[in-house]
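K.L.:
Take a look at this one; I'll ask things after.
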Amino acid sequence: MTGEVRCRFAPAPSGSLHVGNARTALFSWLWARHNGGAFILRVEDTDASRVTEEAFRGVLDDLRWLGLDWDEGPEVGGPHGPYRQSERRSIYQEAADRLLAEGSAYRCYCTPEELEVRNREAKERGDPPGYDGRCRTLRDDERVAFEREGRPSTVRFAMPQHAWVVHDLVKGEVGWGEGQLRDFVLLRSDGSPVFLLAVAVDDLAMGVTHVVRGDDLLASAPRNIAVIEALGGVAPAYGHLPQVVGRDRRPLSKRHGSTSVEAFREQGFVAEALVNYLALLGWSPGDDRELAPLPELTASFDLSRVSNNPAMFDVEKLTWMNNRYLQTMDDDDLAARCVHFLTESGLGVDPVVLRRAMPLVRERMKTLAEAPDLLRFLFTDDIEPNERARAVLAKAPDGYVRGAADALGALPSWDAASIASALDGLAEGAGLNRTKGWQPVRAAVTGSTVSPPLPESLELLGADRTLARLEAAA
RNA sequence: GGUCCCAUCGUCUAGAGGCCGAGGACACCACCCUCUCAAGGUGGAGACACGGGUUCGAAUCCCGUUGGGACUACCA
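In structure tokens form, the structure reads like this:
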């Protein structure tokens, strides 16, 4: 099959995406874009019970923030809509009816209790569990009897009982022996569609050519293919990604705490870094490149180079990468991104000062969330020296801070170079080196023993505010 | 239990029979730079899970073992 490549990402609307899902979205997007194809977003909300509008929005917001745009899907529309499965009920119903009529599916009258009992018995006998296919061969009179009884029924797919081979784009050939894939439910007894029906119908209807998803779904590939083929369609190609796992080597889940895209955003990670990091989780361009922005990733991405082993999410490396991206961002951009975190900390921001402060702090920030600590002294005059700063001040020679105020106050020009030499003169006069001589000033002015480079910081702060703080400390 | 997937430094990976006495990155350690903190530079330590084959030759191919994981739902 030639023609346009069409990839889809089909998340359940579970609120903010966890980074494993985000990586799936990214790889699917990269494959679509790499091939100049379309990226489709479809929301799998057939389990209506716990779907909220907020959870739905969370997914869209995350994708947008990451820079993964979609050509078809919620809010952008497209020729194969609607793109929320909850709005496609009639389509699934129709498909199920057709499969039923054509003998690819059948009504199953087994109750959950009966299934459970038979499953348990099979296990005890040492037989593999799973649906035993009982209703597949029901005689007409038995069927009629069940109907007359008013028994509820599900619609079950009659899985063709031959061996299956899936040519997976990342795993290679994966096979299942004859009879290993059991008949599965398509429509619940309340008439609602199950995932296995919905994906098959939608992937077919939406003209999906490549399905990129987690390898927890590998075993459902032959089932997806079978349904699509029963519907008279041609199944897409599948590429199953290894799992992203947490510190404990288990697939990422709520248990791992804050692993959502939103959580990382709130912790001051930038989308560029998260995307770059995620791209390298389970994939590499084959050379030693690590820092590669989205366009570069798109150009070199190749599903066949995706690794087969689960990848542990390493916040340390993400953090390093985040810092690298902060270092290369231009001042205006970086400043704009800091604003949220500064105001969040209750600091009133002067945009001009903020912008000018960027060169001083960019390589000192691993995340944007560190901006407030680094810049607090510029945006508030409420400086309360912390413990270490107080210790430094206490150890300073008598009158040292006063002397600093005098020396700086006498400066004809308030610029970093002049400030630096004044501070040097002061230190020298007291027989101190720079390290010892500058720290008391830093402590008095910033309230901390850690700050951006001192002369530049004081220049930015301005003479008046600097002197006032020195006076106060003296 | 059955079926399937997976197995290179602590972590992410390069490696598709000889170029590997295994390369890069994060983290770690040391040193350099240095006004604090970072950033940066240089160097160091650190891995082919195990056992059998195949081959002149295996991290790379095959089999087994062990260890992880997924699936085995009227979840997705």
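Using the working numbering, the first residue of the first sequence is number 1, and each one after it goes up by one.
A virtual CB, placed ideally from N, CA and C, is assigned to each residue, including glycine.
Rounded to a whole number of angstroms, what is the C-alpha to C-alpha distance between His167 and Ala335?
P.N.:
Looking at the two C-alpha atoms, the distance is approximately 49 Å.
K.L.:
Compute the Euclidean distance between the alpha carbons of Leu41 and Pro251, then round it to the nearest angstrom.
P.N.:
Roughly 23 Å separates the two Cα atoms.
K.L.:
Among the residues of its own chain, which have a CB less than 7 Å from the CB of Ala473, if the five just before and after it don't count?
P.N.:
So the list reads Leu393, Val401, Ala444, once near-sequence residues are dropped.
K.L.:
Could you please give me the residues that DSSP links to Thr154 through a beta bridge?
P.N.:
DSSP lists Cys108 as partners of Thr154.
K.L.:
Applying the criterion that 16 or more other CB atoms from any shown protein chain within 10 Å of the CB defines a buried residue, is Arg8 buried or exposed?
P.N.:
Classification of Arg8: buried, given that the 10 Å Cβ count is 16 or more.
K.L.:
First and last residue of the beta strand (DSSP E) that includes Glu4?
P.N.:
Counting along the chain, Glu4 falls outside any beta strand (DSSP E), and DSSP gives it neither H nor E.
K.L.:
Less than 6 Å between C-beta atoms, sequence neighbours within five positions excluded: which residues of the same chain meet that for Trp65?
P.N.:
Correct list, in chain order: Ala271.
K.L.:
Which same chain residues end up closer than 7 Å to Ala396 when comparing Cβ atoms and leaving out the 5 residues on each side of it in sequence?
P.N.:
Once the five neighbours on either side are set aside, the close Cβ partners of Ala396 are Pro440.
K.L.:
So, is Thr367 buried or exposed, given that buried needs 16 or more other C-beta atoms within 10 angstroms?
P.N.:
Its Cβ being crowded by 16 or more others within 10 Å, Thr367 is buried.
K.L.:
Within the stretch 21-73, note down every full beta strand (DSSP E) run reaching 3 residues or more, in order along the chain.
P.N.:
Qualifying beta strand (DSSP E) stretches, in chain order: 38-41.
K.L.:
Just the C-alpha distance for Asp314 and Arg247, rounded to the nearest angstrom, thanks.
P.N.:
Approximately 8 Å between the Cα atoms of the pair.
K.L.:
Just the C-alpha distance for Thr154 and Ala263, rounded to the nearest angstrom, thanks.
P.N.:
Looking at the two C-alpha atoms, the distance is approximately 40 Å.
K.L.:
Would the beta-carbon of Asp331 fall within 9 Å of that of Met358?
P.N.:
Result yes, Cβ atoms of Asp331 and Met358 sit closer than 9 Å.
K.L.:
Taking the beta strand (DSSP E) that Leu241 belongs to, which residues open and close that run?
P.N.:
Where Leu241 is concerned, the enclosing beta strand (DSSP E) stretches over 237-241.
K.L.:
Taking contact to mean 3 or more Cβ pairs, one atom from each stretch, closer than 8 Å, check whether the stretch 346-357 and the stretch 373-391 are in contact.
P.N.:
The stretch 346-357 is in contact with the stretch 373-391.
K.L.:
Quick check on this structure: which residue in Ser300, Gly232, Gly207 has the alpha carbon closest to the alpha carbon of Phe39?
P.N.:
That would be Gly207, whose Cα lies nearest to the Cα of Phe39.
K.L.:
Which two residues bound the contiguous beta strand (DSSP E) that contains Asp141?
P.N.:
Run containing Asp141: none in the beta strand (DSSP E); it sits in the alpha helix (DSSP H), 140-149.
K.L.:
Please return the same chain residues whose Cβ sits closer than 6 Å to the Cβ of Met1, not counting the five positions on each side in sequence.
P.N.:
Bear in mind that a pLDDT of 43 at Met1, under 50, signals an unreliable position, so the number given afterwards is only what the model happens to contain. There are no such residues.
K.L.:
Could you say which of Glu4, Gly3, Leu26 lies nearest to Ala10 if we only look at CA atoms?
P.N.:
Taking only the C-alpha atoms, the option nearest Ala10 is Leu26.
K.L.:
In terms of alpha-carbon separation, which member of Gly399, Arg213, Thr319 lies closest to Gly429?
P.N.:
Ranking the options by Cα distance to Gly429, first place goes to Gly399.
K.L.:
Please report the residue range of the beta strand (DSSP E) in which Asp168 lies.
P.N.:
164-168 is the span of the beta strand (DSSP E), which, as asked, contains Asp168.
K.L.:
Check whether the Cβ atoms of Leu408 and Phe379 sit closer than 9 Å, and answer yes or no.
P.N.:
No, the pair does not count as a contact, with Cβ atoms beyond the cut-off.
K.L.:
Would you kindly report the start and end of the unbroken alpha helix (DSSP H) that includes Phe341?
P.N.:
Looking at the DSSP string, the run of the alpha helix (DSSP H) that includes Phe341 is 331-344.
K.L.:
Below 7 Å CB to CB, which residues in the same chain sit around Arg188 once its five sequence neighbours on both sides are set aside?
P.N.:
Counting only Cβ-Cβ distances below 7 Å, and skipping sequence neighbours, we find Thr154, Val194.
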